[in-house]
Every structure is written in C-alpha cells, then in structure tokens.
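Undergrad: In numbering that gives the first Met the number 0, the protein residues as written are 0 to 327.
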Amino acid sequence: METIANPWLWAVFFSIVLIMLAIDLFVVGGGKQHKVSVKEAAIWSVIWISVSMLFAAGLWWYLRDSAGPEIANAKTLEFVTGYLIEKSLAIDNVFVWLMIFSVFAIPPELQKRVLVLGVLGAIILRTIMIFAGVWLISQFHWLLYVFGAFLLLTGIKMWWAADKTPDLKNNPLILWIRRHMKVTDELEGEKFFVRREVNGRWVRYATPLFLVLVLVEFSDIIFAVDSIPAIFAITTDPFIVLTSNIFAILGLRAMYFLLADMADRFSLLKYGLALVLIFIGAKMMLIDIYKIPVAVSLTVVALIIGTSVVLSLRRSRISADQTGADGQ
C-alpha cells in the first residue's frame with residue numbers, strides 16, 4: 000500500500016485524534032445533562048472544521064519541504080476533496096439520527112451519550128474498513144469498478160427514496176432484539192440496561208435508549224459502506240483516505256445539534272447527495288478511460304452540495320411565505 004505518510008505523520012495524526020476525542024468526551028460531552036444549543040453546536044462545528052483545515056495546512060507545509068510543492072499540492076487537494084465528500088455524505092447520516100431520536104421520543108439531553116458512542120463506533124469501524132478496502136484494491140484493481148457501480152446504483156436509489164420515511168420501529172434488527180431481549184417501555188435516564196426483580200429474581204432489561212444506540216451504530220455501518228468507496232475515487236493512499244474520513248466524522252455530533260432544529264429547511268439536500276454518489280460512481284467507472292482531475296471533482300461536489308442547499312433554503316422560504324399568506 001503506497002502512502003506519503005511515515006511513522007511520524009501517523010503519530011501526529013493519531014495524537015490529534017486522541018486529543019480531540021478526549022475534548023469531545025470530557026469537555027463537550029461531559030458534565031451534566033443539558034440540551035445543546037444551536038450556538039454551542041455552531042461554535043464546536045467551526046472548531047472541528049478549523050482543526051481539519053489546520054491539519055491540511057500542516058500536511059501541505061510538511062510535504063512541501065519533504066517531497067516538493069507538486070506532491071504537497073496534490074495530496075492536500077486529495078485530503079480536502081475527500082473531507083468534503085465524507086462531510087457531505089455524513090449529513091444524510093445526521094438526518095437518519097434525527098428520525099431515530101424523533102421516532103423513539105428521545106429528549107435532547109439524553110441524545111449526547113448515544114451520539115458520543117455512535118461517533119466512537121464509527122471511527123473504529125471506518126478505520127478497519129478503510130485498511131481492508133485499501134488492501135483489497137491494491138490486490139484487485141477491478142474492485143474499483145465494483146465500488147463505482149455500487150455507488151452509482153446507491154445514488155440512483157437515494158434519489159428515488161429521498162422523500163420516503165423508513166419504518167424504524169419495525170426495523171428487522173429492532174424486531175429481532177425485542178424477540179430475544181426484554182425491553183422496558185420507558186426510558187431510564189442515560190441507562191442502556193436496568194435490572195428489575197421479577198418473581199423473586201433479578202432480570203436484566205434493555206431500555207429504549209439501547210434500541211436507539213443499536214440503530215445509530217447500524218446506520219453508521221450502512222453509511223460507511225456508502226461513503227468509504229466514494230473516497231477511493233479520489234485516492235487510494237491509506238493515510239489520505241483515513242485522515243479525511245476521521246476528521247469528517249469527528250464533528251458529527253456538533254453537526255447533528257446544529258441541524259436538529261433546521262433539518263426541514265434542507266428538503267432538497269438528499270437529492271444533492273444522491274447526485275454526488277452518482278458522480279463519484281461514474282468517476283470510478285471511468286478511472287482507466289479518463290481520470291477526472293481531483294480539482295474538478297472538488298469543484299463538482301462543492302457545486303452540487305452548494306446548489307442543493309441554496310435551492311432548499313429558497314424552497315423553505317417560499318413555503319413559509321405561502322403558509323403566512325394563507326394564514327392571513
């Protein structure tokens with residue numbers, strides 16, 4: 000597996016991730032239960048994005064001196080493009096989290112713990128999947144075509160299902176858990192399991208919060224399967240693939256609370272994400288015929304996401320104006 004990273008670069012990256020995780024767990028996610036405000040979420044979202052861009056700047060500075068400006072520019076552009084793709088696709092994951100918490104009526108002050116564990120699970124899962132994917136591609140180049148076709152079909156499926164709401168309470172995984180475990184009817188604070196006395200003996204019950212955690216982790220698996228192949232269209236360097244992925248999901252919890260109260264305003268964003276997957280899939284299918292430059296990929300993805308956001312906000316404003324006019 001060819002990579003521009005050396006042990007020193009890997010050590011710096013993992014050190015940054017551990018420090019940021021510690022901050023997220025003990026500073027942002029620690030303390031008493033409280034509802035995260037939009038202001039707090041916005042501040043931390045800016046911090047996470049700033050750390051990612053500072054890492055990109057540091058990577059460029061290091062590679063410029065050690066490998067030359069050409070490689071520094073290319074690898075930094077790959078990182079930024081991969082980061083944007085993963086961050087964009089993660090938005091769909093956030094929307095699914097919103098639906099999960101809504102369906103199970105989880106109050107905002109109890110959502111933090113689930114999201115912390117969800118992000119930790121996503122980091123571990125993606126690290127394993129990325130190294131496995133890089134190794135497979137290095138051994139079997141034709142897998143890029145498989146990934147490309149998969150992303151193309153996933154994008155088409157996402158486009159057609161953009162307005163459909165999944166039946167989360169009847170999810171097969173949740174039904175299986177309910178058949179094999181006792182589940183309480185009510186929440187028990189932040190507890191995933193409680194013990195209750197039944198007929199003179201203590202029985203362990205799962206709580207609805209545990210079911211929510213299972214769905215959050217399951218959604219991470221589904222979206223990892225979608226998003227990780229997408230970055231292989233940009234680069235197969237394991238260092239760039241992993242760093243762009245991890246930095247993109249580090250701030251997911253802050254992004255969730257930022258979008259929680261305004262998700263309805265981005266009604267067209269899923270169509271934009273579907274087009275991103277279709278574009279990336281097509282790029283991978285054409286990789287041995289015509290290699291689309293990374294800068295072009297970055298521009299196309301940014302335009303698609305930006306346009307879908309602008310159109311969503313415009314549609315939301317028109318809908319609000321019409322509602323206001325009908326109410327007069």
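Every residue gets a Cβ at the ideal spot worked out from N, C-alpha and C, and that includes glycine.
Indicate the three-state DSSP secondary structure (helix, strand or coil) for ALA148 in the structure shown.
TA: Residue state, collapsed to three classes: helix.
Undergrad: If you check the beta carbons only, do ALA44 and MET254 fall under 7 Å apart?
TA: According to the sequence displayed, residue 44 carries Ser and not Ala. Yes, the pair counts as a contact, with Cβ atoms nearer than the cut-off.
Undergrad: Please work out which residues of its chain come closer than 6 Å, Cβ to Cβ, to ALA121, disregarding the five sequence neighbours upstream and downstream, and give them in chain order.
TA: Taken in chain order, the residues that qualify are ASP219 and ILE248.
Undergrad: From GLN138 to ILE230, what distance separates their C-alpha atoms?
TA: The straight-line gap from Cα to Cα measures roughly 18 Å.
Undergrad: On the three-state DSSP scale, how would you describe ALA205?
TA: In the structure shown, ALA205 sits in a strand (DSSP, three-state: E or B).
Undergrad: How is GLU196 classed by DSSP in three states: helix, strand or coil?
TA: Here GLU196 sits in strand by DSSP.
Undergrad: Spell out the partners DSSP gives VAL182 in its beta bridges.
TA: According to DSSP, VAL182 bridges with ALA205.
Undergrad: State the Cα-Cα distance for the pair TYR61 and GLU216, rounded to the nearest angstrom.
TA: Whole-angstrom Cα-Cα distance: 36 Å.
Undergrad: Report the rounded CA-to-CA distance for ILE221 versus GLY199, giving the unit in angstroms.
TA: Looking at the two C-alpha atoms, the distance is approximately 42 Å.
Undergrad: What would DSSP say about LEU276, mapped onto helix, strand or coil?
TA: LEU276: helix per DSSP, three-state reduction.
Undergrad: Identify the continuous alpha helix (DSSP H) that holds SER36 and give its terminal residues.
TA: No alpha helix (DSSP H) holds SER36; DSSP gives it neither H nor E.
Undergrad: Can you give me the Cβ contacts of ILE279 inside the same chain, cut-off strictly under 6 Å, excluding the 5 residues immediately before and after it?
TA: For ILE279, where only same-chain residues beyond five positions count, the Cβ hits under 6 Å are LEU150, ALA229 and ALA232.
Undergrad: I'd like to check one pair, ILE227 with GLY132: are the Cβ atoms closer than 7 Å?
TA: Cβ atoms of GLY132 and ILE227: closer than 7 Å.
Undergrad: Considering just the uninterrupted stretch of the alpha helix (DSSP H) at PRO292, what are its terminal residues?
TA: Here PRO292 belongs to no alpha helix (DSSP H), and DSSP marks it neither H nor E.
Undergrad: What residues in its chain sit with their C-beta under 6 Å from that of ALA40, if we drop five residues either side in the sequence?
TA: Result list for ALA40: ALA253, PHE256 and LEU257, in chain order.
Undergrad: Determine the direct distance from the alpha carbon of ILE277 to that of VAL145, and round the result to whole angstroms.
TA: Each residue's alpha carbon lies about 14 Å from the other.
Undergrad: List the endpoints of the continuous alpha helix (DSSP H) containing TRP7.
TA: Segment 6 to 22, the alpha helix (DSSP H) holding TRP7.
Undergrad: How far does the alpha helix (DSSP H) with ALA89 in it extend, from its first residue to its last?
TA: Start and end: 68 to 102.
Undergrad: Residues in its own chain within less than 6 Å of TRP201 by CB, not counting five upstream and five downstream?
TA: Cβ within range, chain order: ARG194.
Undergrad: So is ARG125 buried or exposed if we call it buried at 16+ other beta carbons inside 10 Å?
TA: Buried is the call here.
Undergrad: Kindly indicate which three-state DSSP category GLU187 falls into: helix, strand or coil?
TA: It is coil, neither helix nor strand.
Undergrad: With a threshold of 6 Å on Cβ separation, who are the neighbours of LEU83 within its own chain once the five nearest residues in sequence on each side are excluded?
TA: The residues are VAL300.
Undergrad: When you compare only the Cα positions, how much space is there between TRP47 and GLY250?
TA: If I take the Cα positions, the gap works out to 5 Å.
Undergrad: Quick one: is ASP236 buried, meaning 16 or more other Cβ sit within 10 Å of its Cβ, or exposed?
TA: Answer is buried; the Cβ neighbour count reaches 16.
Undergrad: What number of angstroms, rounded off, separates the C-alpha of PHE191 from the C-alpha of GLN110?
TA: Whole-angstrom Cα-Cα distance: 12 Å.
Undergrad: Contact defined as beta carbons within less than 8 Å: I believe SER266 pairs with ARG313. What is the distance between those atoms, to the nearest angstrom?
TA: Actually they are not in contact, since the Cβ atoms of SER266 and ARG313 sit about 11 Å apart, beyond 8 Å.
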